[in-house]
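Shown next, in structure tokens, is the structure this report addresses.
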Amino acid sequence: MLKQPITQSKFGLMLFIALMLLLIPISLVGTQVNLFALDDDRLTQWLVLLTHSAGKEGFLLTLVVLIGWTWYRVPECRRQWLDKAMQLGVLLVLAMILKTGIKHVTQSPRPYTEVMTQSLTLPSPQHFYRLDAQQQALAMEQMNGKVSSARLAVWEQERDYSFPSGHTVFAALCLLFFGGIWLEQKHRLSALLLLAWSGSIAFSRLWVGMHRPEDLFAAVLLIGALYLFVPKRYPWAWRYLPSFLRYQKQ
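Position in the sequence shown counted from 1, then plus 187, gives you the working numbering.
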């Protein structure tokens, strides 16, 4: 039953395994980060810029770059553009819906709420989510001077729950979808660079205090399952396409 989906997805699944393995050293290093450190502001600022490439600030630009590079480097995709667009769209929609749903069900506090508890700003990590937006902002203000200003700026922007990592969900999705296409067409360097970017996104989430290792692993597992079972072909969609757009289907 699973043989055909696995065969059709083998290049993406190879990258899935590679990213899961890469998360092991990333987690070992990331869990040693001192979130109270005040002397790493420059590095934190760079990692914040990196994390924005998979967040609401920059994910659209990232998608445009990846789509453009795929269109340029993989001419074969031009003949299958509607199938690829449908697959990508379904993956994005399902990933965001499931990620949001899991967050609301698990209600896992962000790691930075533990830092705020240790600094006696909060009585417990869970207490942060009982506060309204104004009270949360006031609690954040009390962390000024106690943590890196670059980290604190990220905390102020993201006050939802932790599990799983939405940024890692997006990064893993891009890796399996685009990287799988590139690897299949033997563009190994491009796939390797995308793997490095995905791993860097995961590390940046640990560095800024937004996630724990289990959040990262869960995100990659979620995308691995979706990538395996979401259809790769949509023959019915071609029937509804205007004739002048069908010239690329062969």
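We put the beta carbon where it would ideally sit given N, CA and C, even for glycine.
As assigned by DSSP and simplified to three states, the class of residue i
i      : result
VAL261 : coil
MET283 : helix
ASP402 : helix
LYS290 : helix
MET273 : helix
LYS419 : coil
HIS354 : helix
SER214 : helix
ARG317 : helix
SER348 : The residue asked about is misnamed: residue 348 is Tyr in this sequence, not Ser. Residue state, collapsed to three classes: coil.
SER391 : helix
ALA412 : helix
GLY449 : Only positions 188 to 437 of the chain appear in the structure, and residue 449 is not among them; the question remains open.
HIS374 : coil
GLN219 : coil
ALA224 : coil
Which residues DSSP lists as bridging residue i, in chain order
i      : result
VAL334 : ASN331
Integer-rounded CB distance, given that residue j should sit under 8 Å from residue i
i      : j      : result
ILE213 : PHE350 : About 17 Å separates the two Cβ atoms, so there is no contact after all.
GLY246 : VAL302 : Before going on, a small fix: residue 246 reads as Phe here, not Gly. 26 Å between Cβ atoms; not a contact.
LEU381 : GLY366 : 5 Å
VAL241 : PHE404 : Strictly speaking, residue 241 in this sequence is Ala, with Val absent from that position. With a Cβ gap of about 16 Å, ALA241 and PHE404 do not count as contacting.
GLU345 : MET397 : 6 Å
Backbone CA spacing between residue i and residue j [nearest angstrom]
i      : j      : result
MET330 : GLN323 : 11 Å
TYR434 : GLY353 : Note that TYR434 has pLDDT 47, beneath the 50 cutoff, so the model's placement of it is unreliable and the number below is only indicative. Approximately 37 Å, taken between the alpha carbons.
VAL280 : ASN221 : 35 Å
GLU371 : GLN274 : 16 Å
LYS197 : MET327 : 45 Å
SER336 : LYS373 : 43 Å
VAL235 : PHE416 : 33 Å
TYR348 : PRO262 : 41 Å
GLN321 : LEU339 : 16 Å
ARG260 : LEU379 : 15 Å
ASP402 : TRP384 : 18 Å
THR249 : SER387 : 14 Å
Beta-carbon proximity of residue i to residue j, cut-off 8 Å
i      : j      : result
THR293 : PRO312 : no
THR231 : VAL395 : yes
ALA282 : ILE368 : no
LYS209 : TYR414 : One point to set straight first is that residue 209 is Leu, not Lys, in the sequence displayed. It is not a contact, given that the beta carbons lie outside the stated cut-off.
LEU225 : LEU363 : no
TRP256 : ARG265 : no
LEU307 : PHE315 : no
LEU393 : GLY217 : yes
Chain C contact for residue i (CB, 8 Å cutoff)
i      : result
SER295 : The chain labelled as chain C is not found in the depicted structure, where only one protein chain is given.
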